[in-house]
Amino acid sequence: MAPSRAVYTTGRAVLRRPVALSSPRLHHRRLISAYGYEQAKVLALSSLGEPKDVLHLHAHSIAPPHSDLLTLRFLASPINPADITQIQGVYPTRLAFGTSLGTTEPIAVGGNEGVAEVIAKGGGVQGLEKGDWVIMKNQGFGTWRTHAQTKAEEVVLVRGEDREGLRPEQVGTVSVNPMTAWRMLRDFVSLKEGEWFVQNGANSGVGRAAIQLGKLWGYKSLNIVRKRESGMEELKADLTSLGADAVVTDEEFEAKDFRDRVKDLTNGGREPIRLGLNCVGGPLVGSMAKHLAAGAHMVTYGAMSKKPVKLPTGLLIFKDIHFDGFWVSKWSDANPGEKETCIKEVLKLTREGNFKDVPMSPVTWNHDTKQDEL
Numbered sequence: 001m002a003p004s005r006a007v008y009t010t011g012r013a014v015l016r017r018p019v020a021l022s023s024p025r026l027h028h029r030r031l032i033s034a035y036g037y038e039q040a041k042v043l044a045l046s047s048l049g050e051p052k053d054v055l056h057l058h059a060h061s062i063a064p065p066h067s068d069l070l071t072l073r074f075l076a077s078p079i080n081p082a083d084i085t086q087i088q089g090v091y092p093t094r095l096a097f098g099t100s101l102g103t104t105e106p107i108a109v110g111g112n113e114g115v116a117e118v119i120a121k122g123g124g125v126q127g128l129e130k131g132d133w134v135i136m137k138n139q140g141f142g143t144w145r146t147h148a149q150t151k152a153e154e155v156v157l158v159r160g161e162d163r164e165g166l167r168p169e170q171v172g173t174v175s176v177n178p179m180t181a182w183r184m185l186r187d188f189v190s191l192k193e194g195e196w197f198v199q200n201g202a203n204s205g206v207g208r209a210a211i212q213l214g215k216l217w218g219y220k221s222l223n224i225v226r227k228r229e230s231g232m233e234e235l236k237a238d239l240t241s242l243g244a245d246a247v248v249t250d251e252e253f254e255a256k257d258f259r260d261r262v263k264d265l266t267n268g269g270r271e272p273i274r275l276g277l278n279c280v281g282g283p284l285v286g287s288m289a290k291h292l293a294a295g296a297h298m299v300t301y302g303a304m305s306k307k308p309v310k311l312p313t314g315l316l317i318f319k320d321i322h323f324d325g326f327w328v329s330k331w332s333d334a335n336p337g338e339k340e341t342c343i344k345e346v347l348k349l350t351r352e353g354n355f356k357d358v359p360m361s362p363v364t365w366n367h368d369t370k371q372d373e374l
C-alpha cells in the first residue's frame with residue numbers, strides 16, 4: 001500500500017502528495033460577494049473512473065448560515081487509498097451525486113477525511129464557535145473543498161487543548177490510518193508485552209501507525225515492504241526509526257530459509273506472533289499466516305494487490321488461525337464515543353512527540369486556481 005497522500009485547504013487548498021512535507025500557511029483571503037455569499041471551490045467528478053480522467057474543479061457560492069448550519073473553511077484533507085477506489089467505483093461506500101452545488105448535471109466531491117475551521121454559524125448552533133476546528137463525524141462528506149456548509153450535528157469538535165501546538169495536517173489525518181491501526185492492535189487479540197505482530201504494507205499510513213503504537217504498548221513488529229530498486233535501505237531505516245523491530249522485503253519474507261530468521265527473532269517461538277495485519281492480499285498472506293502462533297488472528301483491512309487471499313486449510317483446522325476483516329468506517333459509525341476518545345489519545349501522543357504523521361508534500365490551490373494547475 002502506498003503512503004497516504006493528502007489535500008489541504010488553507011482558505012486556499014493544498015494538495016498533498018507523499019514525500020516530505022512543509023506546513024501550509026494559515027493566512028487566507030476570503031472571497032465574499034456583495035450579498036455575503038462565500039466563494040468556494042471543490043474537486044469534483046460527474047462520473048466514476050480514474051481520478052486523473054474524471055476529477056475537475058467546480059466553483060460555487062455558499063449562502064450565510066442560518067439555524068443549525070455551519071460554514072466551514074477546510075484546513076487539511078488527506079487523499080487515502082480508499083478515496084481513490086471510491087472514485088473508481090470499487091469501494092463499498094458510494095459517492096453521493098447531486099446538484100446542490102449549482103450544477104445542471106449531478107456531481108460528487110471527493111475525500112472522506114479532513115479538518116475544517118468554523119468561519120460562520122447559524123443562530124441555532126450550540127457548543128461551536130467561530131475559529132473552532134472540527135472533523136467529519138461520518139465518511140462520505142466530500143472533504144476536497146476550500147469551503148463547505150453543513151449541519152452542526154455532522155461534525156465533531158476538536159477541542160483547543162487537543163489541537164494545541166499541532167498543524168492542520170496532523171489533526172486532519174488522525175481519524176482513518178491511526179484509528180485503523182489502533183483498533184486492529186487492540187480489538188482482535190490481547191497482545192502481551194514482548195509478543196509480536198506481522199504486517200505487510202508496513203510503509204503505508206496504517207503500517208507506520210501500527211509500528212509506533214505497537215512500540216508504545218510494548219509489542220514487537222515484523223514488517224514487510226515491497227522490494228524496490230532504490231531507496232530500500234533508507235526505507236528500512238525510516239521504519240526502524242519509528243520503532244520497527246524487523247523490516248524485510250516480500251522476497252526476503254518468502255524465502256525458504258526465512259523460518260529460521262523468524263525463530264531467531266521470536267526467541268525460539270517463546271515470543272509468539274499472535275496477530276497479522278494485511279492490506280495487500282495475494283499469496284503473501286498465506287506465507288504470513290504460516291508464521292502465526294496457534295489461535296492467532298489475521299486481520300485484513302485492504303487489498304491493494306487486487307489479488308485473492310489463498311490459505312492452506314491446515315492452518316484453519318490444526319492451528320485454529322482466525323481470519324477477520326476490519327473496516328474503520330463501519331467501526332467509527334457504530335462507535336462514535338470510542339472514536340472521539342481514540343482521536344484525543346492520538347493527538348495527545350502527537351503533541352508529546354510520541355507519534356509521527358505520515359510524510360507528505362503540498363501542492364497549493366485556491367479559488368483562483370485553474371484546472372491545469374493541479
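Numbering (the UniProt record's numbering), first residue to last: 1 to 374. Backbone N, C-alpha and C define an ideal beta-carbon position, used for all residues, glycine too. Please read all numbers here as calculations on a predicted model, not as lab measurements.
In terms of Cα proximity to Gly-282, the closest of Leu-311, Leu-235, Asp-257, His-291 is Leu-311. The C-beta distance from Leu-349 to Val-171 rounds to 13 Å, too long to fall under 8 Å, and the pair is not in contact. In the three-state reduction of the DSSP assignment, Asp-250 falls in the helix class, which pools H, G and I. Taken atom to atom, the span from the alpha-carbon of Asp-357 to that of Gln-126 is near 32 Å. Per DSSP, the beta bridge partners of Arg-145 are Val-42.
Met-136 carries a strand assignment under DSSP once its states are collapsed to helix, strand and coil.
The alpha helix (DSSP H) runs lying completely inside the stretch 204–236 and spanning 4 residues or more are 205–216, given in chain order. Counting only residues of its own chain and dropping the five nearest sequence neighbours on each side, Thr-180 has a CB closer than 8 Å to the CB of Val-206, Ala-209, Tyr-301, Phe-326, Val-328. Between the stretch 271–279 and the stretch 244–258, the count of C-beta pairs closer than 8 Å stays below three; the two stretches do not touch. When the beta-carbon positions are compared, Gly-110 and Trp-144 come within less than 8 Å of each other. In this model, Ser-47 and Leu-57 are separated by some 14 Å (Cα to Cα). A direct Cα-to-Cα measurement between Gln-371 and Thr-313 gives close to 52 Å.
Collapsing the DSSP output to three states places Pro-168 in a helix.
Residue environment for Asp-162: buried (at least 16 other C-beta atoms within 10 angstroms of its C-beta). Within its own chain, the residues whose Cβ lies closer than 8 Å to the Cβ of Asn-354, once the five positions on either side in sequence are excluded, are Gln-212, Leu-216, listed in chain order.
Gly-49 and Ala-202 have their C-alpha atoms some 28 Å from each other. If you look at Thr-300, you'll find it in the beta strand (DSSP E) that goes 297–300. Going by DSSP, Glu-340 is part of the alpha helix (DSSP H) stretching over 336–351.
Residues Ala-116, Glu-117, Val-118, Ile-119, Val-134, His-147, Ala-148, Gln-149, Thr-150, Val-155 of the same chain have their beta carbon placed closer than 8 Å to that of Leu-72, with the five preceding and five following residues left out of the count. Secondary structure of Arg-186 (DSSP, three-state): helix. If you draw a 10 Å sphere on the C-beta of His-291, you find 16 or more other C-beta atoms in it, and that means buried. Across the structure, Pro-65 and Gln-86 are spaced so that their CA atoms are roughly 30 Å apart.
Within the same chain, and ignoring the five residues on either side of Leu-166 in sequence, the residues whose Cβ sits closer than 8 Å to its Cβ are Leu-347, Thr-350, Arg-351. Taking 8 Å as the upper bound for CB-CB distance, Leu-222 and Val-198 are in contact here, some 4 Å apart. Closest in C-alpha terms to Leu-239, from the list Gly-269, Ala-293, Met-184, Ser-204, comes Ser-204.
For Asn-112, the closest alpha carbon among the candidates Gly-337, Asp-333, Pro-78 is that of Pro-78.
Taking all protein chains in view, the Cβ of Arg-226 is crowded by 16 or more other Cβ atoms within 10 Å, so the residue is classified as buried. At a cut-off of 4 residues, the continuous stretches assigned as alpha helix (DSSP H) that sit fully inside the stretch 58–96 are 81–88.
Here Ile-343 is not near Ser-241, since their CB atoms are 8 Å or more apart. Shown here for Gly-218: same chain residues with a beta carbon closer than 7 Å to its own, the five before and five after excluded, namely Glu-193, Gly-194 in chain order.
Glu-153 and Lys-130 have their C-alpha atoms roughly 16 Å apart. In terms of Cα proximity to Leu-157, the closest of Ala-82, Leu-128, Phe-141 is Leu-128.
Between the beta-carbon of His-60 and that of Gly-122 there is about 19 Å, and that puts the pair past the 8 Å contact cut. If you ignore the 5 residues before and after Leu-315, its C-beta comes within less than 6 Å of the C-beta of Ala-289, Ile-321, all in its own chain and listed in chain order. CA-to-CA, the gap between Ser-100 and Pro-272 works out to about 54 Å.
Judged by DSSP secondary structure, Ala-289 falls within the alpha helix (DSSP H) whose first and last residues are 283–289.
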